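Colleague: Handing you a structure now.
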Amino acid sequence: MSCIASMHKSRSVIGADTTQVTVFTGFLGAGKTTIIIDLLKRVSPKYNIVLLKNEFGNAETDSALARESHIQVTEMTNGCLCCVLVGQMKRALEEMKSKYRPDRIIIETSGSAFPAPIAWQIREMESSGFHLDSILTVIDCINFCGYEDTSYTARMQAQYTDLILLNKWSHVTERQLDIVVDHINELNTDTPKIKIGVDGSVDPEMIFGLDTTLFELSERLSAPANILSTAGGAGENQDHHAQEVDLVEIRRSQGADSTKDGISSTEFTAFLMSLPAEDVYRVKGIVRLVGSVADGETPLANPKSDSSALYIVNHAFGRFTLTSLTAKTQQAPDMLVCATILGNGLRMYLPRLLEGFMASEAEATVRWAKRPE
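With the first letter of the sequence shown counted as 1, position 103 gets the number 870 in my numbering; the numbers rise by one all the way through.
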């Protein structure tokens, strides 16, 4: 299944001042951030890696998780790297190279990004000292067969990649995994596929130094303008991700009203567990909870009602974690909720989402997907 024998290693001559770039793609909730954080713990401290994060909405949840692991992070929010934020990505890479002088930059795209335009943007920056090493696609083995039929983006991510990382495979049966791989092979037979560790681990030697050959795939991909138009970067479908997922953003703060309080940790955990995985793809953000949370997820039996703290909530297709923010990162003492919810058919779940976050309609911003009729 892994096809490791067919993988090649770098053949390009990389200059001493050239910064290698690795791009992680994968649909919403595939587990990109968890894999990247674990990956960075496995490289030598002397090997300088920085992370460029593109997040859906502006909750910056995954960036907060990365900072908790002492990783240098630059965020690009409220847009997609492959279209809306095209020019900003170039500036961000140049600033990161100048400020941190990294050996490698890892780009984590939003779950809605097309990989091809991003690859071409990096290739156009070779004269500025950047080299695209590889594009890696993370596949969620639990949910891929569900959204592959409805998401053009998910299919594109599986097709335009140097290596496919099979994540969450330990949560499905052997038969279910075979079905997932069969679906992927229908889209992309030749690209190597590997199962990552049960804990989200992957050997850096396996994914660094691949030296992408994606630009050699076909003559059709020889013109950047063609790719950008296909993906929506320069064409009429610029906001392509708006056609696939609904988005709800909730912002609550105490402001002048000091009587507003956080959410009970017990009630919030029950709320997360009640969300249907088939419709609510992601819930991510920062929320103030009243009562302690143990083991990253389960509330204590008898939490102190007078204690509250900010937690990072990271919910994907029915599975979730709650991670306490350290005092160093708690820079918004009046914050109650800063959350982004992504999914399908969220209009009918809006009252339930508002209730779960103790928010009013005035504290929510919605954007419904423009699906073809």
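For each residue, glycine too, the CB sits at the ideal point set by N, CA and C. Fair warning: this is a prediction, and the values are worked out from it, not measured in the lab.
Going by CA-CA distance only, name the one from K1051, V1047, V1050 and S1075 that's closest to V1057.
Modeller: Position 290 of the sequence shown holds residue 1057. Of K1051, V1047, V1050 and S1075, the residue nearest in Cα terms is S1075.
Colleague: For a test of the three-state rule: what should DSSP assign to D1013, helix, strand or coil?
Modeller: On the sequence shown, position 246 is the one that residue 1013 refers to. In the structure shown, D1013 sits in a strand (DSSP, three-state: E or B).
Colleague: Measuring alpha carbon to alpha carbon, tell me which residue in G976, H1082 and E1122 is nearest I902.
Modeller: If you number the sequence shown from 1, residue 902 lands on position 135. Out of G976, H1082 and E1122, G976 has the C-alpha closest to the C-alpha of I902.
Colleague: I'd like to check one pair, V1012 with L1109: are the Cβ atoms closer than 8 Å?
Modeller: Here residue 1109 refers to the residue found at position 342 of the sequence shown. Here residue 1012 refers to the residue found at position 245 of the sequence shown. Contact: yes.
Colleague: Report, in whole angstroms, the separation of the C-beta atoms of V947 and C912, which I expect to be a contact under 8 Å.
Modeller: Residue mapping note: residue 947 aligns to position 180 of the sequence shown, counting from 1. Residue mapping note: residue 912 aligns to position 145 of the sequence shown, counting from 1. V947 to C912, Cβ: 6 Å. Contact.
Colleague: Give me the DSSP bridge partner(s) of H950.
Modeller: As a working mapping, residue 950 is identified with position 183 in the sequence shown. DSSP, once it has assigned bridges, lists no residue as partnering H950.
Colleague: Tell me, please, which residues DSSP counts as bridged to I816.
Modeller: Here residue 816 is taken as the residue at index 49 of the sequence shown, counted from 1. Answer is R871, bridged to I816.
Colleague: Taking the DSSP output, what are the residues bridged to T979?
Modeller: Here residue 979 refers to the residue found at position 212 of the sequence shown. Per DSSP, none; premise fails for T979.
Colleague: DSSP puts M1102 in a beta bridge; with which residues?
Modeller: For the purposes of this step, residue 1102 is identified with residue 335 of the sequence shown, where counting begins at 1. BP columns for M1102 point to S1020.
Colleague: Considering Cα atoms alone, identify which of L807, Y814, V810 and G793 is closest to N821.
Modeller: Start at 1 with the first residue of the sequence shown, and residue 821 comes out as number 54. That would be G793, whose Cα lies nearest to the Cα of N821.
Colleague: Who are the Cβ neighbours of I872 in its own chain at under 7 Å, not counting the five residues just before and after it?
Modeller: Indexing the sequence shown from 1 puts residue 872 at position 105. Listed in chain order, the non-local C-beta contacts of I872 below 7 Å within the same chain comprise T786, V788, V817, L819, L860 and M863, local neighbours out to five positions each way being set aside.
Colleague: Grab the span of the alpha helix (DSSP H) containing T800 for me, first residue to last.
Modeller: Mapped onto the sequence shown, residue 800 falls at position 33. Note, T800: alpha helix (DSSP H), K799 to K808.
Colleague: Based on DSSP bridge pairs, tell me the residues matched to S877.
Modeller: Start at 1 with the first residue of the sequence shown, and residue 877 comes out as number 110. Its beta-bridge partners do not exist; DSSP assigns none.
Colleague: Quick check: what's the CA-CA separation for S918 versus K799?
Modeller: For this step, residue 918 is matched to residue 151 along the sequence shown. For this step, residue 799 is matched to residue 32 along the sequence shown. S918 and K799: Cα-Cα distance of roughly 18 Å.
Colleague: Taking the continuous beta strand (DSSP E) assigned at Y1048, which residues delimit it?
Modeller: As a first step, residue 1048 is located in the sequence shown; it is residue number 281 there, counting from the start. That run of the beta strand (DSSP E) goes V1047 to V1057.
Colleague: Report the three-state DSSP secondary structure of L1039 (helix, strand or coil).
Modeller: Residue 1039 sits at position 272 when you count from the first residue of the sequence shown. Of the three classes helix, strand and coil, the one that applies to L1039 here is helix, per DSSP.
Colleague: Distance check for R942 and R858, CA to CA, integer angstroms please.
Modeller: One-based indexing of the sequence shown puts residue 858 at position 91. One-based indexing of the sequence shown puts residue 942 at position 175. Their backbone Cα atoms lie some 46 Å apart in a straight line.
Colleague: Does DSSP put L795 in a helix, a strand or coil?
Modeller: Here residue 795 refers to the residue found at position 28 when the sequence shown is read from its first residue. L795 falls in the coil class under three-state DSSP.
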